[in-house]
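J.: Below you will find the structure I want to go over with you.
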Amino acid sequence: MPRLIRKISNLRGGKRGRIPKGVIHIRASFNNTIVTVTDVRGQVVSWSSAGACGFKGAKKSTPFAAQTAAENAIRTLIDRGMGQAEVVVTGPGPGRDTALRAICGSGSALSLVRDITPMPHNGCRPPKKRCI
3 MPRLIRKISN LRGGKRGRIP KGVIHIRASF NNTIVTVTDV RGQVVSWSSA
53 GACGFKGAKK STPFAAQTAA ENAIRTLIDR GMGQAEVVVT GPGPGRDTAL
103 RAICGSGSAL SLVRDITPMP HNGCRPPKKR CI
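The sequence shown begins at 3 in the working numbering and counts up one residue at a time.
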């Protein structure tokens with residue numbers, strides 16, 4: 003008797019349904035900007051980065067690349083029906099404000115915008131200035 007072969011579903015990671023509320027994490031470093039959308043439990047729904055959007059090298063660290071990454075991550079957020087979101091911003095990068103503006107213009111209601119960038123209380127010595 004032949005064995006039954008299970009069909010592998012297209013839905014990786016389980017069921018995909020509506021997410022009423024979520025958290026948008028923006029990590030803006032000097033070299034790249036990563037935008038991650040999670041539900042309230044911390045399960046990743048979608049993510050995008052400037053590098054994943056096709057930018058390479060020094061172009062990844064531009065504000066335009068951060069805006070493109072934020073719009074890519076939010077596109078799936080709107081498809082899943084997320085109406086309310088919190089925004090958590092981390093890092094000193096050049097794309098943090100632009101990514102935040104792109105999220106504000108997306109149409110979802112923002113309940114909270116929090117900046118959790120770690121600030122040293124005179125910790126490690128910073129790197130030396132570049133000589134160009």
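Don't be surprised by glycine CBs; every beta carbon is placed ideally from N, CA and C.
Would Thr35 and Val46 qualify as a contact pair, given that the criterion is a beta-carbon distance under 8 Å?
T.: By 1-based counting over the sequence shown, the position of residue 35 is 33. By 1-based counting over the sequence shown, the position of residue 46 is 44. No, these two residues do not count as a Cβ contact at 8 Å.
J.: Can you tell me the Cα-Cα spacing of Ala60 and Cys126, whole angstroms?
T.: Looking up residue 60 in the sequence shown gives position 58. Looking up residue 126 in the sequence shown gives position 124. Their Cα atoms are separated by approximately 26 Å.
J.: Rounded to the nearest angstrom, what separates Phe108 and Met84 at their Cα positions?
T.: Numbered from its first residue, the sequence shown carries residue 108 at position 106. Numbered from its first residue, the sequence shown carries residue 84 at position 82. The question names Phe, but residue 108 in the sequence shown is Ser. Near 11 Å, if we compare the C-alpha coordinates of Met84 and Ser108.
J.: Out of Arg77, Ala75 and Phe32, which one is the CA nearest neighbour of Thr64?
T.: For this step, residue 64 is matched to residue 62 along the sequence shown. Among Arg77, Ala75 and Phe32, the Cα nearest to that of Thr64 belongs to Phe32.
J.: According to DSSP, simplified to helix, strand and coil, what is Ser110?
T.: As a working note, residue 110 is residue 108 in the sequence shown. It is coil, neither helix nor strand.
J.: Any idea which residues DSSP pairs Ile36 with across the strands?
T.: As a working mapping, residue 36 is identified with position 34 in the sequence shown. Ile36 pairs with Arg29 and Ser51.
J.: Taking the beta strand (DSSP E) that Thr64 belongs to, which residues open and close that run?
T.: Start at 1 with the first residue of the sequence shown, and residue 64 comes out as number 62. Unbroken run through Thr64: none, as it is neither H nor E.
J.: With Gly93 and Arg29 assumed to form a contact (beta carbons below 8 Å), what rounded beta-carbon distance in angstroms separates them?
T.: Stepping through the sequence shown from its first residue, residue 93 is reached at position 91. Stepping through the sequence shown from its first residue, residue 29 is reached at position 27. Gly93 to Arg29, Cβ: 5 Å. Contact.
J.: Along the chain, which unbroken stretches of the alpha helix (DSSP H) at least 4 residues long are found entirely within the segment 65-110?
T.: 65-81 and 98-106
J.: By how many angstroms is the C-alpha of Gly24 removed from the C-alpha of Phe66?
T.: For the purposes of this step, residue 66 is taken as residue 64 along the sequence shown, with counting starting at 1. For the purposes of this step, residue 24 is taken as residue 22 along the sequence shown, with counting starting at 1. Approximately 24 Å, taken between the alpha carbons.
J.: CA-CA distance, Gly44 and Pro22?
T.: Numbered from 1 along the sequence shown, position 42 holds the residue referred to as residue 44. Numbered from 1 along the sequence shown, position 20 holds the residue referred to as residue 22. Approximately 14 Å between the Cα atoms of the pair.
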